[in-house]
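In this note's numbering, the protein residues as written are 16 to 540. All remarks here apply to the structure that follows.
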């Protein structure tokens with residue numbers, strides 16, 4: 016079957032498939048992936064963007080079956096299963112249809128030819144349960160799962176209980192309506208600005224959603240998902256990520272700007288000023304015998320984009336090292352840990368009778384890591400400093416709930432970070448991985464963007480192949496769209512996939528040879 020996809024250059028997602036062009040086909044996936052571009056006779060399509068083609072000829076490098084008498088080796092442990100994220104808006108806002116279904120199908124075909132294991136699908140609370148509590152519409156997402164099954168791919172589902180600015184995907188309408196009259200359900204900063212893409216941790220167990228707590232609503236959502244997708248569970252769907260906060264990550268929304276926005280790389284702000292968080296803080300301070308400590312967050316902390324050194328809290332020898340600083344940071348981090356434990360527990364219990372692995376995402380807040388106080392991590396909710404490991408306790412809640420961890424930023428290297436931010440993604444990534452490894456938690460990787468930044472693929476390979484791979488589970492590349500299939504990026508992505516596959520093949524040969532030697536029967540003549 017020949018497929019041609021048209022991609023709008025101004026759109027971040029795959030465009031529609033134009034089946035009127037029958038003369039093109041897929042290219043062979045070898046050392047250099049040949050791309051041909053054409054615009055046809057349609058002037059509108061000429062202006063709309065790039066049309067890419069990939070010729071579907073089997074590659075012996077990828078098609079060679081590495082089977083042995085004892086079956087194919089699991090990629091978990093000595094190899095990494097590769098998934099590619101589907102567009103964030105793969106399903107329409109009314110959840111009735113798929114957006115750009117033909118183009119997504121074309122992308123899946125290309126990934127299948129590369130022998131990528133599967134795709135990741137973001138499932139949004141604000142789309143499925145849009146109009147009323149308990150009123151679910153899964154139709155668009157079921158259509159995606161059906162397509163994935165027909166393509167022979169696997170599916171990793173990410174349950175998203177947050178909103179998105181780009182593309183615009185808000186929280187459910189009925190939740191936003193509650194927030195209009197009771198904004199205290201949202202995260203709030205020191206300036207009383209509300210973060211309306213997620214609910215505050217302070218309302219987790221408070222019945223603010225029409226008589227139900229957010230935790231109860233999340234659990235009902237998970238149960239409805241499990242029931243609605245039962246035909247795909249254990250076969251097509253192999254993993255489920257539980258949304259834990261902004262961008263699905265276990266953290267506070269301490270940085271409000273989008274990742275690609277310009278501006279100073281500040282430490283962010285503490286998000287503890289909604290009335291429910293302040294109430295919890297007040298009670299905790301009174302119980303500790305220091306009621307004045309419960310009036311709010313640190314008064315000497317900088318604003319979002321100010322340098323951590325512009326105020327005294329984060330400086331070396333600053334307030335973070337004082338008894339008050341330790342009190343506040345411990346409380347702030349523990350609120351996040353409690354939230355994470357609650358949600359991972361929901362996922363673990365809901366899907367306990369299925370074969371799907373449960374995942375949660377931990378952020379890589381690497382800016383200012385070389386400062387003693389680690390400001391970006393503190394405002395995000397991780398009490399990690401030069402004197403204290405803040406990730407051991409996080410790893411324990413994942414281990415407790417038998418969940419795996421996804422760590423983004425696998426493509427980031429210290430060499431390309433702005434020197435003025437004292438950043439070290441490599442050192443932080445190593446610290447987090449060590450904490451989870453020590454607690455027996457499997458680690459999965461994710462890139463920070465789909466830009467194909469200099470050295471990104473090489474850095475990913477360095478992180479998931481070099482060294483001790485026994486904790487690695489899978490890697491998710493984000494995400495399918497015009498950028499991934501562009502002539503500038505797709506050859507590099509193809510080379511990256513092949514390098515992982517060749518590593519797997521090498522390990523398979525070693526394992527097979529060892530198995531034959533150990534199992535060869537002795538014969539007496």
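For each residue, glycine too, the CB sits at the ideal point set by N, CA and C.
Segment limits, beta strand (DSSP E) that includes residue i
| i | result |
| --- | --- |
| residue 492 | 487-492 |
| residue 175 | 169-175 |
| residue 372 | 372-376 |
| residue 203 | 201-203 |
| residue 100 | 96-100 |
| residue 212 | 209-214 |
Helix, strand or coil at residue i according to DSSP, with G and I counted as helix
| i | result |
| --- | --- |
| residue 240 | helix |
| residue 226 | coil |
| residue 309 | helix |
| residue 503 | coil |
| residue 196 | helix |
| residue 461 | strand |
| residue 71 | Because residue 71 sits at a pLDDT of 35, beneath the cut-off of 50, its placement in the model cannot be relied upon, and the following sentence gives the value as read from the coordinates. Coil, per DSSP. |
| residue 418 | coil |
| residue 263 | helix |
| residue 63 | In this predicted model, residue 63 has a pLDDT of only 34, less than 50, meaning its place in the structure is not dependable enough to derive any value. |
| residue 248 | strand |
| residue 106 | strand |
| residue 436 | helix |
| residue 330 | coil |
| residue 513 | helix |
| residue 385 | coil |
| residue 219 | coil |
| residue 403 | strand |
| residue 280 | coil |
| residue 413 | helix |
| residue 114 | coil |
| residue 398 | coil |
| residue 431 | helix |
| residue 285 | coil |
| residue 120 | helix |
| residue 232 | helix |
| residue 380 | coil |
| residue 269 | coil |
Enclosing alpha helix (DSSP H) for residue i [first to last residue]
| i | result |
| --- | --- |
| residue 253 | Premise fails: residue 253 lies in the beta strand (DSSP E), 252-257, not in any alpha helix (DSSP H). |
| residue 445 | 440-453 |
| residue 355 | 338-365 |
| residue 295 | 290-302 |
| residue 390 | 390-395 |
| residue 324 | Looking at the DSSP string, residue 324 is not in any alpha helix (DSSP H), and its letter there is neither H nor E. |
| residue 548 | Any answer about residue 548 is impossible in this case: the structure gives the chain only from 16 up to 540. |
Supposed close pair residue i, residue j - CB separation, criterion 8 Å
| i | j | result |
| --- | --- | --- |
| residue 460 | residue 479 | 6 Å |
| residue 320 | residue 281 | 4 Å |
| residue 295 | residue 217 | 6 Å |
| residue 172 | residue 119 | Rounded, the Cβ-Cβ distance is 16 Å, inconsistent with contact. |
| residue 372 | residue 415 | At roughly 16 Å, the Cβ-Cβ gap does not stay under 8 Å, so residue 372 and residue 415 are not in contact. |
| residue 288 | residue 394 | No, residue 288 and residue 394 are not in contact; Cβ-Cβ is about 13 Å, not under 8 Å. |
| residue 179 | residue 201 | Wrong, their Cβ atoms sit about 15 Å apart, outside the cutoff. |
| residue 329 | residue 388 | 5 Å |
| residue 363 | residue 237 | Contact doesn't hold; Cβ gap of about 10 Å is too wide. |
| residue 12 | residue 219 | Beyond the ends of the chain as shown, which are 16 and 540, falls residue 12; an answer cannot be given. |
| residue 546 | residue 263 | Because the chain here runs from 16 to 540, residue 546 falls outside it and cannot be looked at. |
| residue 391 | residue 260 | With a Cβ gap of about 15 Å, residue 391 and residue 260 do not count as contacting. |
| residue 141 | residue 187 | 5 Å |
Closer than 8 Å to chain B by CB, residue i
| i | result |
| --- | --- |
| residue 159 | In summary, chain B is missing from the structure at hand, where a single protein chain is found. |
To test your reading of the DSSP string, which unbroken alpha helix (DSSP H) runs of 4 or more residues are found completely within the region 122-192? 140-143, 154-166
Just checking, does the region 131-146 make contact with the region 94-102 on the three C-beta pairs under 8 Å criterion? yes
Are three or more beta carbon pairs between the region 298-306 and the region 230-249 nearer than 8 Å? no
Cβ pair count under 8 Å reaching 3, the region 379-397 against the region 438-445: Segments in contact, yes.
Does the region 386-404 touch the region 327-335, meaning 3 or more C-beta pairs lie closer than 8 Å? yes
Tell me whether the region 187-202 and the region 160-167 touch, counting them as touching only if at least three CB pairs, one residue from each stretch, are closer than 8 Å. The answer is no - the region 160-167 does not touch the region 187-202, with fewer than three Cβ pairs under 8 Å.
Assess contact between the region 403-410 and the region 358-366, defined as three or more Cβ pairs (one per stretch) separated by less than 8 Å. Is contact present? no
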